[in-house]
Structure formats: structure tokens, C-alpha cells
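Notes for the one structure printed next.
Protein chains in written order, with my numbering: chain A, 828 to 1319; chain B, 2 to 442.
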């Protein structure tokens, strides 16, 4: 058995790698730039120019801290036209634009020339100062100058993010007309001409054939995925050493966030599974004992109907009936505690007592979900076993029906129920999103839901990987329990 | 399923067994009703009349294209006005004769006289063609109430039927396609029966790599452009990509014949069962709802994409059943007979083995439809995935949750979801009992 367990644990490794890869792939395709979001959350004061300089620096540091300046994976599969240093470009939108341009022309050198000339143009544009221009030329109005400069800046900025040929031509046209109408922009002319020329080069020197030949780039161990797994040696410890990274929402460590929330979800699922067992096992036994009686038939129909009732409907119905001033206002509508009277220094039992009314409806909804399912499994399993030979033998040797059912049949019919127990660990980490959202319970479900809505990917990857791991552990535990309960099963 | 002898057919037997369960039969009829509602939804709930006579012109607004525009002339031939069908308020027109749809509202049309959760039993207001605001006549009452912005609940439920049934059908269609093919291959060939020359195996893998490179890597922008236009052209591009991949793989397999000699010619077995089983295990160890919610949050909001995601994540059960059935069937005489007659594996699998293994698969498809509908309504309930302007049962229920006073927004959509799921589950269960008496509980 130990050998079997070890063998199974070994198969966890490729599985976990695959799960983490799936989560990772989803996360790098997520919209938005995490650095922008984090630096926005930090938010700093200062004048516009200062801010742009300072925030640029902060962003660069953040990027480095999060490891976003590294290649994504150990290797990448591209075509020979693409550059293997593209990951060094910091801006996410610029990066994808460069990729698209390379795909169009197949000539990375020309693309990078074009990009650099655009950046140079942007730099030159940044040097412009509306106040100086107005000071030198009294006939101009400050607002008009400002507007033209801003417009030019906008065109340059959007050129950096556009690859569609007709749009690019349009932008160039606009910039030239701006130049013509506003002589004070003439300083930019040489840079603009350079850019235009490199853009034309891009079209002339196109080597489209290069995009048809695949190339495999190898980046070595210094990449985001590796760093996420093993850490970077100083700042991050890596998943393997229990560091899940920091949240993009509030820069808190993920592990702290999970520890804060997992207790309530785990408690709820534990209590509800326990309750579900408590109700469903007797029901299953009784139905099997009185098979095909009116009670059994009615019960199985009711269980069937309950089984098809979505838990979010049940939860909402409970709220409608029992937490609604129009009907019965027995329970509070949301949350798990009353913020005005709750005292975090209370002892465990006082806290439970305080939270009880808040938790009754969620527990009913939680229990409900597994109860109908469990009872049905229990009943079918029991009926299956009652028709087996050894039960007939037990009856034949004159044992009472009670003893046959409770002593001989029950033990074996518990087998399928064990499988359900295996699912409660992953349920705790992922939480039941829907139920927690309905009752506004601050557990893992709501946490995960919020991080999905806010694209907080470190959190999502962590939950994915952890729940995958726990599911596999659950399956393993269930298999081993099977062997313990049922001597017929052995893993040799 | 072929006749085993002249008088006995398994199909007939199963249907007779199925008919014995009266509740299941009722469910089958109810499903038929749901399908009819879904198909005729635009004629059951529509704020344009089915038939109207306006200034001597006979019009069929509900049957016409939504954006149709007509210039209306009166009997004397004078121009009266231009009617654009979807923005005209037909209730305000002076219609000489009119037949309204049973529910004279569209799911997304907002009745501004009955905003703020008009109760089905409470007072409802109506503006008649003379422009007076009066107590709503019974024809124009919102019989199941309205939501916060005055949308009719009954119309929403009718059109929601369409979406729910479609979700079940499309997503399970995708799932069964993937599940049946993979399960059949895994079960039929196992780990050792699919043999090919070593060189062909390597070339197939290499061809797959090249195919993915050209089909998805190279055509990345073509695909993205297609999907950004509309779903149809995106799918067309997708089809091109898939054809390209298949073509490239076949090309490389042909190419391998040139090198068919010596050690390269040795037969090796392809562990296809291991591939499929590991895939199933992998997908099963990720919580499905979490995966679906995450992916729907990343991609664009679209009902089609939601269906695709539900389908792509939902094939494992079907594959498992198909695989198990094929494991059993491949040792039966008729399959062996087909093999000894020298039929190709593909012909044996799809023409002989598959029709005889579909029964348990059908059951799991029917259960799958119920769970797909449940997942979609759960997603809409959470407010993700499906675009906000599409009214679904789940999104209606969500509106009710946010305002508990509007009990009709909780009870009716909830009952609709619950009934549909019950119907599918009931049909699936009695199908299981009918098709395989051994499983009967």
C-alpha cells in the first residue's frame, strides 16, 4: 500500500505542472497590465511632469520586482522572423504591436528600426514646451499650442500601438498636416521624416517568408514561470517554498490573504458535509430497507426533485422567505457578523454564538447541495448491496433484518460515500463561489470571485494549483480509505 | 442499432421500457413544449403586433425583419410617416385592427410607465393611443411583473428558454464530439493496439507540431480578426485552421513513406489510452466551475463563447463512458468479425462499434445538458460570461436577489431553471433505466 501511495504521489508532479501551466497560460493572456494596476493602487502625488518621471521609475522597479522583465517560459515557439529579445520591451501594448508588425513584415531589424525611430520621435515631442514656444512667438495662443502638441503626442502614442496599415497611413497624414499648420512643430520634422522612412523600409524590406519557418527559442532558467515556482533567490521564495507571490489588488502576500479567508469556507463545508451525512445515511438505509414501499417511492421522488434544484435558487428563496422584512425577518441578510457589536477579542464560543444566526441559512444551502446527492448515492448503493449473495447468506442463517442491514450491509454501502468526503478539501480552498456571493460571506469563494473580476492572477493561479493538488490528495485519500474499509480491495 | 432478429429490436424494447415510466413520459412532452416555446419565442413574446392594419395598410411587424423600414401611405396615396419597425411604439399607433402576440412585450423593451418592479398583482400603468395614462388593460398587463427598468418578466422567461435550450444543445454537442471520439479511440485501441511504423509515428507527431504552428501560430492574427468581426467569420477562420492542421498531419504521414526502411519500419504502439486518460484526470482535478468562471472572465463576453467553454470542459464524463463501453465491445464477436473481414479500424469503430455503444453515452449526454444549463444560469446569476443586454433566466434571478421585494423575479426564473433541469434529469434517468435494465435502481 505504501508503495502504491508513493507511486500515486509521483504522478502528482506532472499533473501539478500541467495544472499550473494551464493557470499560467490563462493568466498571461489576461487583459490589462498588472504594473499599471499596482502603480495606480499605490498612487503618488506631484506635478504632471514629476509624476510621469517618478511613476516611470516606480513602474520599472515594480516590473523588476514582479519578474515581468523576464521571458515568460523556459522556451518559446515562434518563427525565425521574430526576435528572441522581444520580452525586454516593457509596455504590454507596444509588445503586442511589435509582434503584429513582425508578423506582417517578417523583418525584425526593420521593425525595431521603425520602433526606435518612433520612440525617438516621442522623446523629441516630450521636449517641446508650450510655454517656451509662446514666449518666443507672441502671436501664438497658449491653449492652441498646447492642443496641437497634445494632438501630435496622441498620434505618436497610438502609432506605437497600431499595426493596421491603413490606420498607420492615416496617422502619418495627420501628423504631417499638423506640422504644416503649426510651424512651431518644425523641430520634429527630421524625426518624423526618419520615422516615415523607416516605415517605408518596413514595407520594402519585407521578408514574409521568414514567418513561415518555425523557431524554438531557449531562455534558460531565468524566466517568469521558473521564478514563480522556485523564487529568484532574494526577493521571492517561490511556490515550492510556500510563497505564492503578492496580490495585484492590494500588494498583500497571497498566502496571508488565503489564511485569513480559508477558515470560514473550510468550517462551513466541514459542518455542512457532516450534517449531510447525518441526514442522508439514515434516509438511504431506510429507503433500501423498505424498498418499493410508498415511503421509499415518495422519498426518492422528493430527493430527485431536490437534486435538480440549483443551490443558488434555494439560497435566494431562503433569503426571500427568512431574511426579508416583508415575510419573516428571522436572520440577517448578509455577512457573518454584526460590525457594531462584534469584538475580535471574544473567545471561540462567543464568536460562534454571535455568528450563529448569520450562518444558519448558508449552512442550510451548503448542506442541501450535498444532501440530496448523497442520499441518492446511499440509497442506490444500499439496494445494490442488499441484493448480493452474502446478504442472502446472512438472512439464510437466520439473522434479524435489522442486524443484516446495520451490521452487514451498511459497512459496504458506505464505500461510494467516501468519495464525496474527498471533495471537501478542494471545496474549502475554492470555496463555493455562488453560495458565498449570495450570502456575502467573506470566505475563499468571494475572494476568488473578486480576484477573477479584477484579474488578480497570482491569486487565481494559486487557487487553481492548490485546489488541483488538494483534489488529487483527496482522490488518493479516498482510494486508501477504500482499501482500509474494504478488504477485497488491495493495491499490490 | 440493428435488428438482432426480425421481431425484436432493442430500440423498440427500450422505448417500451421508457414509456412505462409515466413521469418520464410527461417530462418528454414538457420538453417538447419547451422546444416549441424556444422556437416560436419571437411570436409568443413581442412588442410588435403579429398582424396590424394601419391607415389601410396590412402589416405583419412581428414576422418581418427587425430593422425593416416602411414608408406608410394612406388610402388617398398621401405620405403619412416612415415606420422603422424596431423603434416604433406600436401601442401608440392608431391601428384599425390588430392581433398582438400572447405577451405583447419584447424581453429587452423597457416599459417606462411600469419601472421600478411593477408587481404582477399590483397597479400597472398604460399609455393609450390617445396619450392618456390609465390603469393597464388586461391585455397589456405585465402578467408576471417587471424588473427595475420596466422589462417584462414573462417575455424575458420566454426568450430565456431559447438561450437555455441552446446552451444545453450546443455545449453538449461540442462535448460529445470531443468525448465520443477520444473515448472511442482510447477504448478501442487501448495502449497497445494502435500500431504504426516508428517513422510514421514520429512524423505524425512532427506533423502535428507543424500543423499547430501553421494553423494557430501563423494564423493567430487571421483568427483574431475573424472573431473581432463576428462569431461566424471567426468560426470560419477556425475551420480553415483545423483543415490546415489535418492536411499538414496527413501530408507528413504520407511523407514518412519515403523513409520506410530498416529500423524505422519497426512497428511501435501508440499509448493513446494513456494520453486520453491523463487528459481526463487532469481536467477532473481542476474545479470545473472555477475554470469556467476564470476563462469567461478573461475572454470577451459572448453567449457562444460561454457555450464553447462549457463544452470544452465537459467532455470527460462522456469520454469515460464511451471508453468503458468500447473496452467491453471490442472483445465481442461482431467487432472481431469486422476486424477479421479486413475492415479498416476507422470503419470498425464508427460504423460497427459506435452505434452499439451509444446507449450509456446518450444518458450521460442528457445529464450533461442539465448540468450545462445549470452552469450557464449560475454564470448569469453571478453576472459574468453572458453579455448584460441578453436576458437569461440566471440574470433575471440575479435581479431578484438584489431586490428581495420583487419576489416574482426570484420565483418564476428560479422555477424555470429548476423545471428544465428536472425534466432533463428525469429523462436521463429513465433513459438509463430503459436502456440498461442492469442499472435500474
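All C-beta atoms in this analysis are idealised placements derived from N, C-alpha and C, irrespective of residue type, glycine included.
Because the structure is a prediction, the values reported are computed rather than measured.
Who are the Cβ neighbours of residue i in its own chain at under 7 Å, not counting the five residues just before and after it?
i: residue 865 of chain A; result: 889, 1075 and 1078
i: residue 1198 of chain A; result: 1103, 1106 and 1107
i: residue 930 of chain A; result: 1038
i: residue 1301 of chain A; result: 1249, 1250, 1252 and 1253
i: residue 1121 of chain A; result: none
i: residue 39 of chain B; result: 162, 163 and 166
i: residue 1160 of chain A; result: 1146 and 1150
Taking the alpha carbon of residue i as the point to measure from, which residue in the options has its own alpha carbon closest?
i: residue 1129 of chain A; options: A:1111, A:1116, A:1215 and A:1299; result: A:1111
i: residue 919 of chain A; options: A:1002, A:960, A:967 and A:857; result: A:857
i: residue 1158 of chain A; options: A:1305, A:861, A:975 and A:1147; result: A:1147
i: residue 913 of chain A; options: A:906, A:964 and A:898; result: A:898
i: residue 799 of chain A; options: A:911, A:927, A:1171 and A:1092; result: Because chain A here runs from 828 to 1319, residue 799 of chain A falls outside it and cannot be looked at.
i: residue 304 of chain B; options: B:215, B:392, B:361 and B:401; result: B:392
i: residue 171 of chain B; options: B:209, B:308, B:45 and B:241; result: B:308
i: residue 1018 of chain A; options: A:1073, A:1276, A:1003 and A:1246; result: A:1003
i: residue 74 of chain B; options: B:191, B:68, B:59 and B:86; result: B:59
i: residue 104 of chain B; options: B:207, B:130 and B:146; result: B:146
i: residue 946 of chain A; options: A:846, A:993, A:988 and A:1046; result: A:988
i: residue 285 of chain B; options: B:321, B:271, B:270 and B:196; result: B:321
Which same chain residues, not among the five before or five after residue i, have their C-beta less than 6 Å away from its C-beta?
i: residue 1253 of chain A; result: 1294, 1297 and 1298
i: residue 967 of chain A; result: 961
i: residue 1029 of chain A; result: 932, 937 and 941
i: residue 974 of chain A; result: none
i: residue 54 of chain B; result: 97 and 98
i: residue 442 of chain B; result: Confidence at residue 442 of chain B is low in this model, with a pLDDT of 42, below 50, so its placement is unreliable and no value can be given for it.
i: residue 1306 of chain A; result: none
According to DSSP, what are the bridge partners of residue i?
i: residue 268 of chain B; result: B:198
i: residue 59 of chain B; result: B:54
i: residue 127 of chain B; result: B:135
i: residue 82 of chain B; result: B:73
i: residue 147 of chain B; result: B:153
i: residue 460 of chain B; result: With chain B represented from 2 up to 442, any question about residue 460 of chain B goes unanswered, as that position is not in the structure.
i: residue 378 of chain B; result: In the DSSP output, where bridge partners are listed per residue, residue 378 of chain B has none listed.
i: residue 1176 of chain A; result: Paired residues: none, contrary to the question.
i: residue 904 of chain A; result: A:1043
i: residue 1080 of chain A; result: A:1073
i: residue 46 of chain B; result: B:104
i: residue 111 of chain B; result: B:152
i: residue 1150 of chain A; result: A:1156
Let me know if residue i comes out buried or exposed under the rule of 16 or more other beta-carbons within 10 Å of its beta-carbon.
i: residue 953 of chain A; result: exposed
i: residue 162 of chain B; result: buried
i: residue 841 of chain A; result: exposed
i: residue 421 of chain B; result: buried
i: residue 887 of chain A; result: exposed
i: residue 1215 of chain A; result: exposed
i: residue 329 of chain B; result: exposed
i: residue 263 of chain B; result: exposed
i: residue 156 of chain B; result: buried
i: residue 153 of chain B; result: buried
Could you check if residue i belongs to the surroundings of the ligand PLP, using beta carbon to heavy atom distance under 8 Å?
i: residue 1284 of chain A; result: The ligand PLP is absent from the structure shown, which contains no ligands of any kind.
Excluding the five sequence neighbours on either side, which residues of its own chain have a C-beta within less than 8 Å of the C-beta of residue i, listed in chain order?
i: residue 173 of chain B; result: 312, 315, 366, 369, 370 and 373
i: residue 875 of chain A; result: The predicted model places residue 875 of chain A with a pLDDT of 47, which falls under 50 and marks its position as unreliable, so this point remains unresolved.
i: residue 1313 of chain A; result: 1239 and 1242
Which of the residues in the region 1268-1302 of chain A, read from start to end, lie with their CB under 8 Å from any CB of chain B? 1275, 1276, 1279, 1280, 1282, 1287, 1290, 1291, 1294, 1295, 1298, 1299 and 1302
Listed in chain order, which residues of the region 383-404 of chain B have Cβ atoms closer than 7 Å to some Cβ of chain A? 383, 398, 401 and 402
Residues from the region 220-236 of chain B in contact with chain A, defined by Cβ distance under 9 Å: 221 and 222
Contacting positions in the region 1182-1201 of chain A - beta carbon closer than 9 Å to chain B: Against chain B - using a Cβ distance shorter than 9 Å - the region 1182-1201 of chain A contributes no residues.
Residues in the region 1136-1162 of chain A with C-beta within 7 Å of chain B's C-beta atoms, listed in sequence order? 1136, 1137, 1139, 1140, 1143, 1144, 1146, 1147, 1151 and 1153
Give me the subset of the region 1214-1238 of chain A whose CB atoms are less than 7 Å from a CB atom of chain B, sorted by chain position. Taking a C-beta cut-off of 7 Å against chain B, none of the residues of the region 1214-1238 of chain A qualify.
Got a sec: which bits of the region 829-844 of chain A sit with their beta carbon under 7 Å from any beta carbon on chain B, in order along the chain? 842
For the region 929-959 of chain A, which residues have a beta carbon sitting closer than 7 Å to at least one beta carbon of chain B? 930
Name, going along the chain, the residues of the region 1038-1070 of chain A whose beta-carbon falls closer than 9 Å to a beta-carbon of chain B. Along the region 1038-1070 of chain A, the positions whose C-beta sits under 9 Å from a C-beta of chain B are 1038, 1039 and 1041, read in chain order.
Please list, in chain order, the residues of the region 1096-1115 of chain A that have any C-beta partner in chain B closer than 7 Å. none
Against chain B: residues of the region 1305-1317 of chain A by CB proximity under 9 Å: none
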